[in-house]
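Undergrad:
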Amino acid sequence: MIKASRRRGLAIALVLALIAAFPSAAVAKHAWGSYHWARTSTTSTPFTLLVGDNVSNAWDPYLVQAIVDWNESTVLQLKETAGGTNKPRNCRPTAGRIEACSASYGNTGWLGLAQIWVKGSHITQAVTKVNDTYFKTATYNTAAWRGMVMCQEIAHDFGLDHQDVTFNNDNLGSCMDYTNDPDGGPGGFVNDDPSNEHPNLHDFEQIGVIYSHLDTTSTVGQAAAGSAPASWGQLVRGSRASGASLYVRDLGNGQRVYTHVIWAL
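As structure tokens, this is what we get:
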């Protein structure tokens, strides 16, 4: 999740927690631990990951833009498809793909969250949720805030973590960088920093590192954690005050659900 706070503190702890969970895989500089979608196709050909559209008309342009942006990658290609849930508020996952949902989830404190279901180090299903309770307010109902949050949460679902978690410093020009000023320029920490609404080159380099190997099985395209904290399991790192939190829920048989939360003001 994203919180418009001004504190640092989760990135290193987040990575260390996930290294402990997945000790056998290499971790990129801003990979979310070692989790990744398993695939057996050649590394020279991008693999396709479906993204189910369960968002409202107000969010459609931002979901489309996030897909277009991340498809600049030479490693993976996202493909929008019909949503797999008829109740976006529940946003139930579908095996082998991402489901993106928007709803008024209430005064939960979070703007957006990404959840992944993993077995070992392999993602088996994932969801992205954006909270209209906040995005209907004047503070967050802007193209910049919507674009940054959607871009970031979708990326968590295929393995990227944050490049930086300090809110009141220069933007890095990446949606994986926390900021209080997502459109950059005048009005932020400095008057000439870039927008954080889209990926940057370093993000694509990290995707290449995460998916630099092949697996013996595939979790992509194979034919179910809620929005309430009570369903997220144990807090691993972070807090609402720090701006972001990581939770883990153990499902048994080597399967876990990780939930990354971005908190609102």
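Under the working numbering, the first residue of the sequence shown carries the number 857, and numbering increases by one thereafter.
Heads up, the beta-carbon is just placed ideally off N, CA and C, and yes, glycines get one too.
Everything numeric in this text was worked out from a predicted model, so none of it was measured.
Is threonine 989 helix, strand or coil by DSSP?
TA: Looking at threonine 989 - three-state DSSP - the assignment turns out to be helix.
Undergrad: Checking contacts by CB at 8 Å: is valine 911 closer than that to chain B?
TA: The structure shown has no chain B; it contains just one protein chain.
Undergrad: Looking at the unbroken beta strand (DSSP E) that takes in arginine 1093, where does it start and where does it end?
TA: Per DSSP, arginine 1093 belongs to the beta strand (DSSP E) from 1090-1095.
Undergrad: Looking at the structure shown, is leucine 967 part of a helix, part of a strand, or coil, going by DSSP?
TA: Strand, per DSSP.
Undergrad: Go to leucine 1057, then tell me how far its alpha helix (DSSP H) extends in each direction, as first and last residue.
TA: Run containing leucine 1057: 1057-1066, per the alpha helix (DSSP H) assignment.
Undergrad: In whole angstroms, what is the alpha-carbon distance linking glycine 977 and threonine 993?
TA: Note on residue identity: the sequence assigns serine, not glycine, to residue 977. Approximately 38 Å between the Cα atoms of the pair.
Undergrad: With respect to the alpha helix (DSSP H) encompassing alanine 1120, which residues constitute its N-terminal and C-terminal limits?
TA: Taken as a continuous stretch (DSSP letters only), alanine 1120 belongs to no alpha helix (DSSP H), as it is neither H nor E.
Undergrad: Go through its chain and collect everything with a Cβ distance to aspartate 909's Cβ below 8 Å, but skip five positions before and after it.
TA: If we look at aspartate 909 and ignore the five residues flanking it on each side, its Cβ neighbours are Asp916, Leu919, Glu936, Thr937, Ala938, Gly939 and Ala956.
Undergrad: Quick test of your reading: serine 1051 and proline 1038, contact by CB under 8 Å. State the CB separation rounded to the nearest angstrom.
TA: That belief holds up - the Cβ atoms of serine 1051 and proline 1038 are roughly 7 Å apart, short of 8 Å.
Undergrad: Is alanine 1000 helix, strand or coil when you go by DSSP?
TA: Helix.
Undergrad: Can you tell me whether asparagine 987 is buried or exposed? The criterion is at least 16 other CB atoms within 10 Å of its CB, across all chains shown.
TA: Buried, by the Cβ-count rule.
Undergrad: Does DSSP put alanine 877 in a helix, a strand or coil?
TA: The predicted position of alanine 877 is uncertain, since its pLDDT is 36 and thus under 50; a value taken from the coordinates is nonetheless stated next. Helix, per DSSP.
Undergrad: In the structure shown, what three-state DSSP assignment does valine 1113 receive?
TA: If DSSP states are grouped into helix, strand and coil, valine 1113 belongs with the strands.
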